[in-house]
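Asker: In the numbering used here, the protein residues as written are 32 to 828. We put the CB at the ideal spot given by N, CA and C, even for glycine.
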Amino acid sequence: MAGEKPKVPHHPMLLSHLQYIVRRLRREAGYSAINLFGLTIGLASVLLIGLFVREELSWDAFHEKSDRIVRIRMSQTLPDGTTSEWNQTLGPVADVLREQAPGIASAVRIGEMPGPLVAVDDESWLDSGFLYAEPTFFEMFDFPLVAGSAAELARPETIILSESTARKLFGDADPIGQRLTAGGRWSATSTEFEVVGVMADMPGNTHLAANYVASYQLNTENPWRTIAYTYVLLEPGVQAADLLDAFRAIEDGPVTEYLSDRESLVAQPLTDIHLYPAAAGDLGTPGDIRYVYLFSGIALIILVIAGINYVNLAMARSVRRMAEVGVRKSIGAGPGQLMGQFLSEALLLSAVAVVLAVMLADASTGWFGMVMDRSLDLVLTDGVVLAGIVGVTLLLGLGAGLFPAVRMARTSPILAFRGGAESRSLTRQGLVVFQFAASLALIASTIIIQKQLSFVQNTRLGFAADQTLVLPTRSALGESGVAFKERLTGIPAVGAVGGGSAVPGENTGILFFDEGEIEDYVPPENDRLYFNWITADAAFGPALGAQLVAGRWFRAEDIDAGVLVNEATVRRLGWDSALGKTFTFNGTPRPVIGVFEDIHMEALHKEVLPMIMTLGETASRYVILNVAGQDVSGVLGAVEGVWKEFLPDQPFTYSFLDDEFAAMYADERRLAHLLGGFSAVAILIALIGLFGLAAYAAERRTKEIGIRKVLGASVGGIVGLLSREFVAMVAIAFVVSTPIAWVVMSRWLETFAYRMEITWALFAWVGLAGLVLAVGTVGVQAVRAALANPVESLRSE
32 MAGEKPKVPH
42 HPMLLSHLQY
52 IVRRLRREAG
62 YSAINLFGLT
72 IGLASVLLIG
82 LFVREELSWD
92 AFHEKSDRIV
102 RIRMSQTLPD
112 GTTSEWNQTL
122 GPVADVLREQ
132 APGIASAVRI
142 GEMPGPLVAV
152 DDESWLDSGF
162 LYAEPTFFEM
172 FDFPLVAGSA
182 AELARPETII
192 LSESTARKLF
202 GDADPIGQRL
212 TAGGRWSATS
222 TEFEVVGVMA
232 DMPGNTHLAA
242 NYVASYQLNT
252 ENPWRTIAYT
262 YVLLEPGVQA
272 ADLLDAFRAI
282 EDGPVTEYLS
292 DRESLVAQPL
302 TDIHLYPAAA
312 GDLGTPGDIR
322 YVYLFSGIAL
332 IILVIAGINY
342 VNLAMARSVR
352 RMAEVGVRKS
362 IGAGPGQLMG
372 QFLSEALLLS
382 AVAVVLAVML
392 ADASTGWFGM
402 VMDRSLDLVL
412 TDGVVLAGIV
422 GVTLLLGLGA
432 GLFPAVRMAR
442 TSPILAFRGG
452 AESRSLTRQG
462 LVVFQFAASL
472 ALIASTIIIQ
482 KQLSFVQNTR
492 LGFAADQTLV
502 LPTRSALGES
512 GVAFKERLTG
522 IPAVGAVGGG
532 SAVPGENTGI
542 LFFDEGEIED
552 YVPPENDRLY
562 FNWITADAAF
572 GPALGAQLVA
582 GRWFRAEDID
592 AGVLVNEATV
602 RRLGWDSALG
612 KTFTFNGTPR
622 PVIGVFEDIH
632 MEALHKEVLP
642 MIMTLGETAS
652 RYVILNVAGQ
662 DVSGVLGAVE
672 GVWKEFLPDQ
682 PFTYSFLDDE
692 FAAMYADERR
702 LAHLLGGFSA
712 VAILIALIGL
722 FGLAAYAAER
732 RTKEIGIRKV
742 LGASVGGIVG
752 LLSREFVAMV
762 AIAFVVSTPI
772 AWVVMSRWLE
782 TFAYRMEITW
792 ALFAWVGLAG
802 LVLAVGTVGV
812 QAVRAALANP
822 VESLRSE
């Protein structure tokens with residue numbers, strides 16, 4: 032059309048600019064490859080950690096009312112001023128809260144059947160995820176039903192199954208109206224349930240993960256003797272902290288008779304349950320907010336190290352580009368144009384690194400999720416994930432590229448043609464010191480965790496864990512328990528066989544004694560002294576490999592007469608000698624006939640508690656036996672034969688005590704493996720950065736090196752000259768990292784009641800290893816510069 036201005040192609044210079052950047056990066060392929068490698072593995076590590084952190088923070092947040100749901104716990108103030116908490120409350124507390132506490136819309140009680148033995152027709156198997164709940168469970172929480180009605184849970188002995196469980200039990204048949212039986216790990220009896228509903232499979236990020244939800248029935252004969260997980264839904268606008276006054280009113284009212292002066296109710300928000308367990312007896316697999324903070328910190332450190340690495344390499348490369356800067360400035364290029372060019376290069380390199388990192392992280396999510404015991408998926412269509420990837424790209428590209436871009440853009444044309452002004456050495460040195468300080472701290476922390484795990488494995492536990500077989504018979508043997516154990520004793524390669532109500536790694540019973548029921552002991556005021564309690568047969572202690580300190584083991588005549596106590600009991604009661612001292616059970620005094628070495632029933636995070644052992648010859652909830660020799664599979668086959676003879680309706684299950692105890696430290700092993708891996712990533716990226724800085728130093732001192740060689744300097748002397756500065760930086764990094772790692776790991780070790788001692792020698796070896804790695808990395812560049820022809824070196828100037 033006449034008068035219309037011709038259209039100009041959009042951004043013709045941009046395409047040319049990008050082509051130039053690509054040609055530049057290809058021309059310096061070695062630099063580009065080193066930088067991409069460091070950025071890629073660093074960003075992949077950050078992405079994986081980000082997925083884990085996001086998963087941990089998402090637990091139970093998917094419920095529409097999650098911000099209004101709280102769990103009620105019980106707290107007890109101990110005589111020494113510390114507090115102990117339980118995640119369960121007395122059963123009727125939910126009713127009292129519903130009726131009397133203002134601001135509460137509804138409440139629900141939940142119970143658990145641990146290790147359920149489920150049977151349909153003639154088939155049975157051990158399963159998991161069995162909860163009892165009131166019908167309001169499905170009103171409070173967003174677990175949708177696909178068939179049936181939650182209201183049916185108001186009827187006794189009804190149950191709702193997950194979709195996958197319903198298919199497993201009944202195939203393609205309609206599960207509604209079908210029947211199954213289930214019994215708990217510690218119960219010899221089972222209950223028959225009618226299926227009244229099917230729910231969608233629960234997501235993995237809930238502490239209430241269940242395959243079975245059965246009707247909850249309160250013990251109406253003595254409800255205050257029952258316990259339950261109690262959850263309440265607050266009215267809109269009510270906060271968990273607002274319940275404090277309501278709790279105080281309740282504690283002064285109907286529950287006063289059942290709570291001591293030292294006990295109280297506390298509220299915990301639903302979304303805090305997974306990461307802030309801090310109390311005994313929890314549902315699901317608890318997480319730990321400290322690990323979220325720890326791995327978030329590691330991700331930040333790796334990201335910063337990767338950025339520093341880029342800056343160092345860019346500075347080393349800038350020496351060769353000063354002539355280019357001078358030419359561009361002399362023909363009119365302004366600082367903004369030059370900064371745009373260099374930032375574009377940084378963003379392009381960062382974008383390529385992010386793409387490679389996403390591919391690497393996606394390929395590693397399966398392995399990483401297995402190590403973290405979490406289901407992790409890198410979904411690029413997820414808005415949060417996509418925003419994070421774009422944000423990291425911009426942050427790394429702009430953040431890391433800004434410093435070298437500003438420096439080169441501000442250099443005058445004359446200085447540029449002369450090679451540029453010397454950059455501030457303190458900045459470069461500070462960056463290297465940070466890199467190595469962070470890396471050395473991570474390495475030292477990894478070694479300390481490994482040494483603590485070794486300490487745990489070599490600590491005397493009070494029992495023999497190796498080749499000790501545990502059979503969870505669920506008290507189903509009854510009076511036939513004695514015959515069962517006798518048959519096991521007759522198997523070749525089987526040593527002592529004993530039975531008890533608990534084994535290390537499992538919960539014991541609890542015994543309380545009132546004032547005057549323990550000889551020669553007067554408890555402090557309001558002190559409710561309790562003991563771990565095991566009922567065992569006469570062979571239990573020897574079969575467990577426990578050691579007597581005084582007295583003797585049980586004999587048949589000790590039934591309802593004598594008791595055994597551990598060393599912690601003697602210390603707690605302040606006795607000089609325990610033998611002959613009495614505990615009163617239901618009005619009958621029972622003397623202490625033996626004292627055994629402290630048995631660690633829990634991980635070494637906790638101190639051994641006082642324990643009392645009473646005799647029960649039919650006690651056989653757990654049967655333990657020693658396996659001698661190497662033919663373990665043969666022994667297992669023979670044991671299974673005896674099992675099927677006595678327990679034909681139960682699947683044969685077993686475990687080894689050392690495996691059970693090792694499982695208690697799964698979090699620590701996971702932490703050690705991941706810290707080791709991320710420490711390796713951090714030190715590798717730091718060494719790449721050091722390599723680049725050494726190249727920068729060698730180029731800046733090319734003329735000096737040539738003159739020194741002409742004057743007779745040796746190769747060793749020049750290597751020492753170029754390495755001296757870096758050795759000093761690593762030494763400073765060691766000084767900075769050591770107290771930080773010492774303090775952090777000392778606090779971590781405080782989570783163990785029994786722990787190793789940190790020594791300076793450990794940090795000295797870490798510092799020496801870091802120094803050797805640094806000198807080796809710098810030495811490559813130093814030797815190359817020292818061997819260069821001095822004539823060529825001087826000509827380059």
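1. For L799, does the three-state DSSP call read helix, strand or coil?
2. Our contact map puts G338 next to L427 with C-beta atoms below 8 Å; I'd like the distance itself, whole angstroms only.
3. Restricting to runs no shorter than 3 residues, where is the beta strand (DSSP E) found entirely within the stretch 536-560?
4. Do the stretch 261-272 and the stretch 121-134 make contact, defined as three or more Cβ pairs closer than 8 Å?
5. So T212 packs on A164, CB below 8 Å; how close in whole Å?
6. By the DSSP assignment, the beta strand (DSSP E) with M632 in it spans what residues?
7. Starting from P620, follow the beta strand (DSSP E) in both directions and report where the run begins and ends.
8. How would you write the range of the beta strand (DSSP E) that R603 sits in, first residue to last?
9. Using CA coordinates, which residue listed in F169, L457, L519 and I480 is at the minimum distance from L780?
10. Do E95 and D173 come within 8 Å of each other at the CB atom, strictly closer than that value?
11. Identify which residue in R603, L705, G660 and F544 has its Cα closest to the Cα of T619.
12. What residue range does the beta strand (DSSP E) around W156 cover?
13. Tell me, which residues are paired with W564 by DSSP?
14. Is the Cβ-Cβ distance between A784 and L560 less than 8 Å?
15. Name the one or two DSSP bridge partners that V528 has.
16. Starting from the Cα of F161, find the closest Cα among I190, D153 and T167 and give me that residue.
17. Let's test the definition: count the other Cβ atoms within 10 Å of the Cβ of G547 and tell me whether it reaches 16, buried, or not, exposed.
18. Verify the CB distance criterion: does Y552 have a CB-CB separation below 8 Å to chain C?
19. Using DSSP's beta-bridge definition, name the partner residues of I141.
20. DSSP beta-bridge partners for R210?
21. Under the three-state reduction of DSSP, which class applies to A813: helix, strand or coil?
22. DSSP three-state label for Q270, please.
23. Can you check whether the CB of I478 is closer than 8 Å to the CB of V797?
24. Given a threshold of 16 other Cβ atoms within 10 Å of its Cβ, counted over all protein chains shown, does A514 qualify as buried or as exposed?
25. Does the distance from the C-beta atom of P641 to that of A599 stay below 8 Å?
26. What did DSSP end up calling G665 once you bin it into helix, strand or coil?
27. Report the three-state DSSP secondary structure of A452 (helix, strand or coil).
28. Strictly by DSSP, which residues pair up with A581?
29. Below 8 Å CB to CB, which residues in the same chain sit around R786 once its five sequence neighbours on both sides are set aside?
30. Cα-Cα, which of I336, L200, R602 and E537 is closest to L471?
31. For the beta strand (DSSP E) containing F616, list its first residue and its last residue.
32. When we look at the beta-carbon of K675 and count the other beta-carbons within 10 Å, is it buried (16 or more) or exposed?
33. How is A241 classed by DSSP in three states: helix, strand or coil?
34. Does A469 pass the burial test, meaning 16 or more other C-beta atoms within 10 Å, or should it be called exposed?
35. Are at least three pairs of beta-carbons, each pair with one atom in the stretch 580-588 and one in the stretch 510-526, less than 8 Å apart?
36. Per DSSP, A725 is paired with what?
Answerer: Answer, in terms of the structure:
1. As a first step, residue 799 is located in the sequence shown; it is residue number 768 there, counting from the start. Reduced to three states, the DSSP call for L799 is helix.
2. Sequence index remark: in the sequence shown, residue 338 carries index 307 (1-based). Sequence index remark: in the sequence shown, residue 427 carries index 396 (1-based). Correct: roughly 6 Å between the Cβ atoms.
3. Runs of the beta strand (DSSP E) inside the stretch 536-560: 540-543.
4. Between the stretch 261-272 and the stretch 121-134 there are three or more inter-stretch CB-CB distances shorter than 8 Å, so the stretches are counted as touching.
5. Residue 212 sits at position 181 when you count from the first residue of the sequence shown. Residue 164 sits at position 133 when you count from the first residue of the sequence shown. Distance from T212 to A164 at the Cβ level is roughly 19 Å; contact not present, criterion being Cβ atoms closer than 8 Å.
6. In the sequence shown, the residue the question calls residue 632 occupies position 601. Unbroken run through M632: none, as it is neither H nor E.
7. As a position in the sequence shown, residue 620 is number 589, starting the count at 1. Run containing P620: T619 to F627, per the beta strand (DSSP E) assignment.
8. Walking along the sequence shown from the start, residue 603 turns up at place 572. Segment E598 to L604 is the alpha helix (DSSP H) holding R603; no beta strand (DSSP E) there.
9. As a working note, residue 780 is residue 749 in the sequence shown. Checking every option, the nearest Cα to that of L780 belongs to I480.
10. Taking the first residue of the sequence shown as 1, we reach residue 173 at position 142. Taking the first residue of the sequence shown as 1, we reach residue 95 at position 64. Contact flag set, yes.
11. Position 588 of the sequence shown, counted from the first residue, corresponds to residue 619. T619 has its Cα closest to that of F544, out of R603, L705, G660 and F544.
12. Reading the sequence shown from its first residue, position 125 is the one you call residue 156. Per DSSP, the continuous beta strand (DSSP E) segment holding W156 begins and ends at E154 to L157.
13. Locating residue 564 in the sequence shown gives position 533, counting from the first residue. Partner(s): G540 and I643.
14. Residue mapping note: residue 784 aligns to position 753 of the sequence shown, counting from 1. Residue mapping note: residue 560 aligns to position 529 of the sequence shown, counting from 1. L560 sits away from A784, with the two beta carbons spaced by 8 Å or more.
15. In the sequence shown, residue 528 corresponds to position 497, counting from 1. Under the DSSP definition of a beta bridge, V528 partners with L656.
16. Residue 161 sits at position 130 when you count from the first residue of the sequence shown. Of I190, D153 and T167, the residue nearest in Cα terms is I190.
17. Along the sequence shown, one-based indexing puts residue 547 at 516. So G547 counts as exposed.
18. This model lacks chain C altogether, as it is built from one protein chain only.
19. On the sequence shown, residue 141 is found 110 positions in, with the first residue counted as 1. A164 and Y260, per the DSSP bridge assignment.
20. For the purposes of this step, residue 210 is identified with residue 179 of the sequence shown, where counting begins at 1. Listed as beta-bridge partners of R210 by DSSP are E225.
21. For the purposes of this step, residue 813 is taken as the residue at position 782 of the sequence shown. Helix at A813.
22. By one-based count along the sequence shown, residue 270 stands at place 239. In the structure shown, Q270 sits in coil (DSSP, three-state: anything other than H, G, I, E or B).
23. Locating residue 797 in the sequence shown gives position 766, where the first residue counts as 1. Locating residue 478 in the sequence shown gives position 447, where the first residue counts as 1. A distance below 8 Å separates the beta carbons of V797 and I478.
24. Here the question's residue 514 lines up with position 483 in the sequence shown. The residue in question, A514, is exposed, as its Cβ has fewer than 16 Cβ neighbours within 10 Å.
25. In the sequence shown, counting from the first residue as 1, residue 641 sits at position 610. In the sequence shown, counting from the first residue as 1, residue 599 sits at position 568. Yes, the pair counts as a contact, with Cβ atoms nearer than the cut-off.
26. Here residue 665 is taken as the residue at index 634 of the sequence shown, counted from 1. It is helical.
27. The count along the sequence shown starts at 1 and reaches residue 452 at position 421. Per-residue confidence for A452 stands at a pLDDT of 49, beneath the threshold of 50, marking its modelled position as unreliable; no derived number is given.
28. The residue labelled residue 581 in the question sits at position 550 within the sequence shown. Answer is V626.
29. Your numbering for residue 786 matches position 755 in the sequence shown. In its chain, beyond the 5 residues on either side, Q483, F486, L635 and L780 have a beta carbon closer than 8 Å to the beta carbon of R786.
30. Within the sequence shown, numbered from 1, the residue matching residue 471 stands at position 440. It is I336.
31. Position 585 of the sequence shown, counted from the start, is the residue given in the question as residue 616. Unbroken beta strand (DSSP E) run through F616: T613 to F616.
32. By 1-based counting over the sequence shown, the position of residue 675 is 644. Only exposed fits K675, as fewer than 16 other CB atoms lie within 10 angstroms of its CB.
33. Mapped onto the sequence shown, residue 241 falls at position 210. Coil at A241, not helix or strand.
34. The sequence position of residue 469 within the sequence shown is 438, counting from 1. A469 comes out buried.
35. Counting Cβ pairs under 8 Å, fewer than three are found: no touch.
36. Stepping through the sequence shown from its first residue, residue 725 is reached at position 694. Under DSSP, A725 takes part in no beta bridge, so it has no partner.
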